[in-house]
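Right, here's the structure in full:
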């Protein structure tokens, strides 16, 4: 599953911000999911909310990624590979 798929099918609020050296994705799961957990494994972001687990594939050109959840908002910071 990718982030766009989640927004389209589940109605989550998704925002993407582009900066010079990174992109940031923010997904609002809502306050009911404030205790969700998130982890990045290889090229996948794994979100666990209660008994449900969702996985999101990172873009192919991602050099590194960090993800965290605060107050029901998932934030994924993506650093793109240098293309020389």
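Residue numbers (our numbering): 305 to 388.
Each residue gets a CB set at the ideal place from its N, CA and C atoms; glycine is no exception.
The structure displayed is predicted, hence computed values, not measured ones.
Going by DSSP, what residue range makes up the beta strand (DSSP E) through residue 384? 377–384
At least one CB of chain B closer than 7 angstroms to the CB of residue 342: is that the case? Absent here is chain B; the protein component of the structure consists of one chain.
When the Cα atoms are used, what is the spatial distance from residue 305 to residue 386? With a pLDDT of 47 at residue 305, under the threshold of 50, the modelled position of this residue cannot be trusted; read the value that follows with caution. Answer to the nearest angstrom: the Cα atoms are 25 angstroms apart.
Using CA atoms only, rank isn't needed, just tell me which of 344, 354, 332 and 359 is closest to residue 375. 332
For residue 372, which residues does DSSP report across the bridge? 379
Note down, one range per segment and in chain order, each beta strand (DSSP E) of at least 3 residues found wholly within the stretch 322–359. 327–332, 341–345 and 348–353
Residue 362 and residue 327 look like a contact to me (Cβ under 8 angstroms); what is the Cβ gap, rounded to whole Å? Their Cβ separation, rounded to whole angstroms, is 10 angstroms, which puts residue 362 and residue 327 out of contact at 8 angstroms.
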